[in-house]
Every structure is written in structure tokens, then in C-alpha cells.
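J.: So that we are looking at the same thing, I have put the structure below in C-alpha cells.
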Ligand code: C2E
Ligand code: MG
Ligand code: MG
Ligand code: MG
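Numbering (UniProt numbering), first residue to last: 776 to 1058.
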């Protein structure tokens, strides 16, 4: 529109908007080179089993460290990656990096952990996704049982019929799927029943309200009950306090993830967490 109405159209753009646009372009260009320049990494946050109090898995979370821009938060660069289509390459990179790292830990430790990688809604419509995942599992020789994908409730509910097809293909490969940020979307229970999923992650916003907030406590309990009746594992995300963990344990939540146990940490530090835990007595 600006081009059509000629040069004068530029004055319709506010100073602020120009700034915004140029900064965005700069960020976009930088993101294009991020993989090639080795600026992306994964941090890992432990998922702790409530009964054994052992780490049984971890969520891989993307980090982007740019030499000049510093550390750019995922809330900022994931949407940009999605708008530019870069998410396909970045998302694939994340799955591969997580599988390579998990394989290294498996070779170094006696324990086997399930690594979870987040999947963008756009990757769900990627025709190559299944083939890419198969190739990654092949290359890394990681047993698919040790890979999980986290897909948000709003993503699957945006196109439930398409989601079911994808979820079935993932199940056929032997990968498990967790529904992320569960409870804030509007899942139809009828659909939920049809989704071949293995885990449900209670959204942080509810977890952070327990035990004081009656509404959050009621919703958390309801999600745990619902998930169990669908034979799914329940993971609570964002637990920061002892009281929250106690509440979750008491109400039979299977697994807890959150700052209370550990923030996401880089691979070296996560390896230390695992070594430290191996020296701890079993509960
Ligand atoms: P998510 O998948 O829901 O990840 C959980 C987020 O909660 C992470 O933020 C994590 O650091 C944060 N968190 C964990 N425990 C606590 C806690 O106790 N308190 C609080 N306040 N926060 C906690 P992070 O790492 O900034 O990631 C934000 C989002 O970015 C993720 O939300 C996910 O949607 C997206 N993301 C991250 N990595 C990837 C990726 O590889 N691919 C895609 N598509 N999205 C990703
Ligand atoms: Mg997640
Ligand atoms: Mg989440
Ligand atoms: Mg979340």
C-alpha cells in the first residue's frame, strides 16, 4: 500500500513504527544466520517423578545467544521464526540436537530419560515432519521411546482432525506426545478422547495458584482426574514452591517440572544434575 501511493506515503508511518520495523528486520536477518553461526542451543529442565523423586525426563528449551544482541528470549524469536518460516529449520535443529544430547547421556549414564521438544503449530503442517523425525532417530540411533513432542492444546484444537492424523503417525513411529499448556484452551472432551496422546501438561497459570486459589486448585484436580481417566500421564509445569509440589503430590500428579526443582540449565549443568542425583539414595 505504501508503494502504490508513492513516496509521500512514508509520512504515514510513525517514527515508532519505522524503528519497530527496522529492528524487526535486523532481528530477522540475525535469526537467519543463527543456526549456521552456532548461536542456538538447548537448555534442559528436569521433570521429576513424584513417587521416586527422580528425574525421569526433561524439556528441551531453545536459547538464542547473539554476539551483539545478547540473549534473545524464545517469546521473542519463536514468533519471528514462525512468521518467516525459519521455524522449520530451527524446529528440526532442536529435535536433532535434543536427540543427540539424549543419546550422549544414555551412553554416559545408566538412567534413560525422555527428552521433550516443543513443536510449533507450523511444523504440524509440515509434510516432511514425519520423514525428518525418522531420519533424526535413524542418524542418532535414539530409541523413539525416549523422545516426546510437546504440542499446545490450542495448536491441536485449531485443527483437531488434522492433529489426529499427525498424532497417529507420531504414535506409529513410537514417539509420545504431551499436550502443552493444557487448560487454557477450549478442548472438546470428545476430541481429547480421540487424540492418541500420552501426557497432559497442566498450564503454569493454574499450578502457580495452588493451593490457595480455590479455582486453580479445582481446575488442577480436575485436569489430573481427566488425564488419568484417559490413561494419560500428568505433568505440572511451573511449580516454584514446596506447597505447590506437596499439593500436586497429594492429588496424584505424576510428574512435576518447575523452578522448585530447577530452572532450565545448559547441557553441562544438566549432566551435573544427573551425576549428583545418581549419588543420592533412592526415596
Ligand atoms: P513452554 O513449552 O510452555 O515452556 C515452559 C516455559 O516455562 C519455559 O520458558 C520455562 O523456562 C518456563 N518455566 C519453567 N518452570 C518455570 C517456573 O517454575 N516458573 C516460571 N515462571 N517459568 C517456568 P522459556 O524457556 O522462556 O520458553 C517459552 C516458550 O517458548 C515455551 O513455552 C515454548 O512455547 C517456546 N519454545 C521454547 N523452545 C522451543 C522450541 O524448541 N520450539 C518451539 N516451537 N517453541 C519453543
Ligand atoms: Mg513445552
Ligand atoms: Mg508449557
Ligand atoms: Mg507455557
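We treat Cβ as the ideally placed atom computed from N, Cα and C, and that holds for glycine.
#1: Counting Cβ pairs, one atom from each stretch, are 3 or more of them under 8 Å apart for the segment 834–844 and the segment 887–906?
#2: Does the segment 1013–1032 touch the segment 854–862, meaning 3 or more C-beta pairs lie closer than 8 Å?
#3: State the start and end residues of the unbroken beta strand (DSSP E) segment that holds residue 819.
#4: Is residue 828 close to ligand 1? I mean its beta-carbon at under 7 Å from any heavy atom of the ligand.
#5: Going by CA-CA distance only, name the one from 1054, 863 and 1008 that's closest to residue 954.
#6: What did DSSP end up calling residue 957 once you bin it into helix, strand or coil?
#7: Rounding to the nearest angstrom, what Cα-Cα distance links residue 974 and residue 1000 in this structure?
#8: Pairs of beta-carbons, one from the segment 1030–1040 and one from the segment 800–813, closer than 8 Å: are there three or more?
#9: Please classify residue 926: is it buried, with 16 or more other beta-carbons within 10 angstroms of its beta-carbon, or exposed?
#10: Per DSSP, which residues does residue 838 bridge with? Please list them.
#11: Rounding to the nearest angstrom, what Cα-Cα distance links residue 870 and residue 862 in this structure?
#12: Cutting at 7 Å between CB atoms, please list the residues of its own chain near residue 969, excluding the five before and the five after it.
#13: Can you say whether residue 1034 is buried or exposed, counting buried as having 16 or more other CB atoms within 10 angstroms of its CB?
#14: Ends of the beta strand (DSSP E) at residue 892?
T.: Walking through what the data contain:
#1: A contact exists between the segment 834–844 and the segment 887–906.
#2: With a cut-off of 8 Å, the segment 1013–1032 and the segment 854–862 do not count as touching, because too few Cβ pairs lie within range.
#3: Its beta strand (DSSP E) spans residues 815–824.
#4: Residue 828: no, Cβ never under 7 Å from ligand 1.
#5: Its Cα nearest to that of residue 954, the residue 1008 stands out among 1054, 863 and 1008.
#6: In the structure shown, the three-state DSSP call for residue 957 is strand.
#7: Between residue 974 and residue 1000, the C-alpha separation is close to 13 Å.
#8: Fewer than three pairs of CB atoms, one per stretch, sit closer than 8 Å, so the segment 1030–1040 makes no contact with the segment 800–813.
#9: Classification of residue 926: buried, given that the 10 Å Cβ count is 16 or more.
#10: Per DSSP, 816.
#11: Each residue's Cα considered, the two are about 12 Å apart.
#12: Result list for residue 969: 939, in chain order.
#13: Around the beta-carbon of residue 1034, fewer than 16 other beta-carbon atoms lie within 10 Å, marking it exposed.
#14: 889–893 is the extent of the beta strand (DSSP E) around residue 892.
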